[in-house]
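Chemist: What follows is a single structure, and I will ask about it in a moment.
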Amino acid sequence: MFINYRTLKLIFFVIIGCFSELVIWAAVTSMGEINARGDDRGIVPTSSNVELIFTLNIDRSRAEPGEEIKTIEITIPLGFTIGVNDVISVMREQTELDVRPEVVGSILRIVLVKEIGDFSSSLYQVVLRSKTPDAITQTAKFKVILRNLQDIAIGEYIKPGNADGRPNNNDFSLQIIPNIPPDPIINFEAKVDDNGENDVYLSWRPSKDQDVTGYFIYRGAEEEILMTLNGRETKQTIDINVPIGSHRYSIRAFKSQLLKSMASQSQVITVSVDTAEPLPIINLTIQTFGETVKLIWVSSPSRDVKKYQILRDEILVPDGEILADSKKKEYEFDYQYRLPKGITIYSVLALDEVGNKSKSTTQTIRIFEKPYPNPFTPLSDNPDFNKISFPKRALKDVEGQFSVSIFNLNGTLVRTLTADALATKLEWDGKNEAGSIVESGIYVYQVKVGDVFSTGTVVLAK
Numbered sequence: 003m004f005i006n007y008r009t010l011k012l013i014f015f016v017i018i019g020c021f022s023e024l025v026i027w028a029a030v031t032s033m034g035e036i037n038a039r040g041d042d043r044g045i046v047p048t049s050s051n052v053e054l055i056f057t058l059n060i061d062r063s064r065a066e067p068g069e070e071i072k073t074i075e076i077t078i079p080l081g082f083t084i085g086v087n088d089v090i091s092v093m094r095e096q097t098e099l100d101v102r103p104e105v106v107g108s109i110l111r112i113v114l115v116k117e118i119g120d121f122s123s124s125l126y127q128v129v130l131r132s133k134t135p136d137a138i139t140q141t142a143k144f145k146v147i148l149r150n151l152q153d154i155a156i157g158e159y160i161k162p163g164n165a166d167g168r169p170n171n172n173d174f175s176l177q178i179i180p181n182i183p184p185d186p187i188i189n190f191e192a193k194v195d196d197n198g199e200n201d202v203y204l205s206w207r208p209s210k211d212q213d214v215t216g217y218f219i220y221r222g223a224e225e226e227i228l229m230t231l232n233g234r235e236t237k238q239t240i241d242i243n244v245p246i247g248s249h250r251y252s253i254r255a256f257k258s259q260l261l262k263s264m265a266s267q268s269q270v271i272t273v274s275v276d277t278a279e280p281l282p283i284i285n286l287t288i289q290t291f292g293e294t295v296k297l298i299w300v301s302s303p304s305r306d307v308k309k310y311q312i313l314r315d316e317i318l319v320p321d322g323e324i325l326a327d328s329k330k331k332e333y334e335f336d337y338q339y340r341l342p343k344g345i346t347i348y349s350v351l352a353l354d355e356v357g358n359k360s361k362s363t364t365q366t367i368r369i370f371e372k373p374y375p376n377p378f379t380p381l382s383d384n385p386d387f388n389k390i391s392f393p394k395r396a397l398k399d400v401e402g403q404f405s406v407s408i409f410n411l412n413g414t415l416v417r418t419l420t421a422d423a424l425a426t427k428l429e430w431d432g433k434n435e436a437g438s439i440v441e442s443g444i445y446v447y448q449v450k451v452g453d454v455f456s457t458g459t460v461v462l463a464k
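Structure, rendered in structure tokens:
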């Protein structure tokens, strides 16, 4: 008996609809994670009330008919208690959705009043109240799946991953730890910087509780966490750029961000205005390409630097302020400027939040129309005198291949130097083509740019 393709397809869907097995579509792709409010590492204490946040990144850009989202189904692990009234909110891209929660055994079904049928890629967030299990569990796994209007599964269970773009739990599992807070921290001390910075140095004796995973530092109200430090062995930190005035500091150890110790004995200190200048920048170098000047430097070691200033001959260059970035180690600044004949001094300063300036780090650029220094001494330890520079400006208003040929007084070619069209000078270290330093004496040079050249003499002295 002949059965056409459409008949076979209809029979297939009828059979599948009679069973609870999953129908797999590949057109809708999803990724998700679970976090507990107040803890971004997936750790919650036993026998406690928590808010669970499910974040789902659902891509419907290639959705097909029959893949409209009607139900978000969550399988709850053993020991967690969730009822229909525990669904706090269901959001799609910051817009709350109307839902009808249902609980069937260990399955929470969040039925959408209006199904999702568009072709957008969207971020969904489901927030639930839950009572955690009484027993500790290393891995309590949740499972999430989407269902269509016929209550058939759309694809497989949603895969775990970084759905919200933040470095947190990034999984569909939680760890359940004993609901026993750690002991308060002792020997907590706060000290103002001795060198005039408005920084506060904090130190303490690390907790001996092996379940402690970090510390909360508080300044002022204990409800507001100033900083979170991970690692039980951590025993000190610095609060940078503290406002002027009196401040109260305290510390708590935590096993999870929901299970923390009582606050330590507080420390009250007074911070004065910042009078310390930042440390200078490191390794300033300058490059010139035609009429482009580029400055490169390594950031100041000081932690409170807010910006850098670039000066030419003690005057701020155009747009010569760069905001500091704590993540950057090296900075570059370039601008269009034709260096004049003679000496130009560039300097870079670091400035802190109140305008204190570091000592300047400088570099000198020498531009001459004749070779310099002349005479020069290849054996000198001074880099300003152990090589001679041939400026491209020896030939004005010409462009092309830049080269220098050096001859002895007998007319024998000693060395040829070449550079690309953007180079502004060529340097000779007094060596011949074989790499040996030539004899002391007078040498003839020919500077050539394109088809134009000029000649002269230089003196090499050992």
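Numbering-wise (this note's numbering), the sequence shown opens with residue 3 and increments by one.
Ideal Cβ placement from N, Cα and C applies to all residues, glycine included.
(1) From the DSSP output, which residues share a beta bridge with I60?
(2) Only counting the same chain, and skipping five residues up and downstream in sequence, which positions put a Cβ closer than 7 Å to that of T230?
(3) CA-CA distance, R469 and V46?
(4) Measure the Cβ-Cβ separation of S248 and V273 and say whether it is below 9 Å.
(5) Report the partner residues of G443 according to the DSSP bridge assignment.
(6) Out of D61, V270, K116 and I182, point me to the one whose CA is closest to A223's CA.
(7) Taking Cβ to Cβ, would you say F404 is nearer than 9 Å to K450?
(8) Less than 9 Å separating the beta-carbons of P342 and P373?
(9) Measuring CB to CB, does S209 end up less than 9 Å from I179?
(10) Quick one: what's got a C-beta closer than 8 Å to E23's C-beta in the same chain, skipping five residues either side?
(11) Relative to the alpha-carbon of Y126, which residue among K308, S91, Y251 and D173 has its alpha-carbon at the smallest distance?
(12) Out of curiosity, what's the CA-to-CA distance linking K464 and S407?
(13) In chain order, what are the residue ranges of uninterrupted beta strand (DSSP E) at least 3 long that sit wholly in the stretch 75 to 147?
(14) Given P537, which residues of its chain have a CB within under 8 Å of its CB, disregarding the five upstream and five downstream residues?
(15) If you draw a straight line from the C-alpha of D321 to the C-alpha of R305, how long is it?
(16) DSSP on R207, reduced to helix/strand/coil?
(17) Tell me which residues share the same chain as Q448 and place their Cβ nearer than 6 Å to its Cβ, disregarding the 5 neighbours each side in the sequence.
(18) What is the rounded straight-line gap between the Cα of W27 and the Cα of E158?
(19) How big is the Cα-Cα spacing for I369 and I347?
(20) Could you tell me whether the Cβ atoms of D327 and P380 are closer together than 9 Å?
(21) Per DSSP, what are the beta-bridge partners of D336 in this structure?
(22) Spell out the partners DSSP gives F1 in its beta bridges.
(23) Candidates G402, Q96, Y251 and N172: which alpha carbon is nearest T420's?
(24) Let me know the secondary structure DSSP gives R149 once reduced to three states.
(25) Quickly, what does DSSP pair G344 with across the bridge? List them, please.
(26) Please return the same chain residues whose Cβ sits closer than 8 Å to the Cβ of N232, not counting the five positions on each side in sequence.
(27) So N358 packs on A278, CB below 8 Å; how close in whole Å?
(28) Between S266 and the rest of its own chain, which residues show a CB-CB distance below 8 Å, the 5 nearest in sequence each way excluded?
(29) Which class does K394 belong to by DSSP, given the choice of helix, strand or coil?
(30) Would you call the stretch 58 to 65 and the stretch 77 to 88 touching, i.e. three or more CB-CB distances under 8 Å?
(31) When the Cα atoms are used, what is the spatial distance from N164 to K361?
(32) Near S49, what residues of its chain come up, given a Cβ to Cβ distance below 7 Å and the 5 sequence neighbours on each side ignored?
Modeler: Considering the structure as presented:
(1) For this step, residue 60 is matched to residue 58 along the sequence shown. I60 is bridged to S32 and S124.
(2) Position 228 of the sequence shown holds residue 230. Within the same chain, T230 has close Cβ partners G216 and F218.
(3) With the chain covering 3 to 464 only, the question about residue 469 has no answer from this structure.
(4) Walking along the sequence shown from the start, residue 248 turns up at place 246. Walking along the sequence shown from the start, residue 273 turns up at place 271. Contact: yes.
(5) Here residue 443 refers to the residue found at position 441 when the sequence shown is read from its first residue. Note: G443 sits in a beta bridge opposite L462.
(6) The residue you call residue 223 lines up with position 221 of the sequence shown. A223 has its Cα closest to that of V270, out of D61, V270, K116 and I182.
(7) Here residue 404 corresponds to residue number 402 of the sequence shown, with the count starting at 1. Here residue 450 corresponds to residue number 448 of the sequence shown, with the count starting at 1. A contact, by the Cβ cut-off of 9 Å.
(8) Here residue 342 is taken as the residue at index 340 of the sequence shown, counted from 1. Here residue 373 is taken as the residue at index 371 of the sequence shown, counted from 1. No.
(9) Stepping through the sequence shown from its first residue, residue 209 is reached at position 207. Stepping through the sequence shown from its first residue, residue 179 is reached at position 177. No, Cβ-Cβ distance for S209 and I179 is not below 9 Å.
(10) As a working note, residue 23 is residue 21 in the sequence shown. Legend: pLDDT at E23 = 44, less than 50; position of this residue unreliable, no value from coordinates given.
(11) Residue numbering aside, residue 126 sits at position 124 when the sequence shown is read from its first letter. Comparing Cα positions, the closest option is S91.
(12) Translated into the one-based positions of the sequence shown, residue 464 becomes position 462. Translated into the one-based positions of the sequence shown, residue 407 becomes position 405. Those two C-alpha atoms are separated by around 21 Å.
(13) 89 to 94, 101 to 106, 109 to 118, 123 to 133 and 139 to 143
(14) Because residue 537 is not part of the residues shown, which for the chain are 3 to 464, the question remains open.
(15) For this step, residue 321 is matched to residue 319 along the sequence shown. For this step, residue 305 is matched to residue 303 along the sequence shown. If I take the Cα positions, the gap works out to 24 Å.
(16) On the sequence shown, position 205 is the one that residue 207 refers to. If DSSP states are grouped into helix, strand and coil, R207 belongs with coil.
(17) Numbered from its first residue, the sequence shown carries residue 448 at position 446. Here the set comprises S407, F455 and T457.
(18) Residue numbering aside, residue 27 sits at position 25 when the sequence shown is read from its first letter. Residue numbering aside, residue 158 sits at position 156 when the sequence shown is read from its first letter. Residue placement at W27 cannot be trusted, given a pLDDT of 48 that sits under 50; what the coordinates show is reported in the next sentence. Taking the straight line joining both Cα atoms gives about 8 Å.
(19) Residue mapping note: residue 369 aligns to position 367 of the sequence shown, counting from 1. Residue mapping note: residue 347 aligns to position 345 of the sequence shown, counting from 1. When rounded, the distance between both Cα atoms is 11 Å.
(20) Here residue 327 refers to the residue found at position 325 when the sequence shown is read from its first residue. Here residue 380 refers to the residue found at position 378 when the sequence shown is read from its first residue. Not a contact, by the Cβ cut-off of 9 Å.
(21) Within the sequence shown, numbered from 1, the residue matching residue 336 stands at position 334. Paired residue(s): K296.
(22) In this structure the chain extends from 3 to 464, so residue 1 is not present and cannot be described.
(23) As a working note, residue 420 is residue 418 in the sequence shown. Comparing Cα positions, the closest option is G402.
(24) Within the sequence shown, the letter at position 147 stands for residue 149. It is a strand residue.
(25) To locate residue 344, count along the sequence shown from 1; it is residue 342. Looking at the DSSP assignment, G344 forms a beta bridge with I369.
(26) Taking the first residue of the sequence shown as 1, we reach residue 232 at position 230. Within the same chain, N232 has close Cβ partners T215 and G216.
(27) Looking up residue 358 in the sequence shown gives position 356. Looking up residue 278 in the sequence shown gives position 276. The Cβ separation is near 7 Å, so the contact holds.
(28) Reading the sequence shown from its first residue, position 264 is the one you call residue 266. Same-chain partners within the cutoff: P186, I187, I188, F190, W206, S252, I253 and R254.
(29) The residue you call residue 394 lines up with position 392 of the sequence shown. Here K394 sits in helix by DSSP.
(30) no
(31) As a working mapping, residue 164 is identified with position 162 in the sequence shown. As a working mapping, residue 361 is identified with position 359 in the sequence shown. The straight-line gap from Cα to Cα measures roughly 45 Å.
(32) For the purposes of this step, residue 49 is taken as residue 47 along the sequence shown, with counting starting at 1. Only T134, D136 and N181 meet the Cβ criterion.
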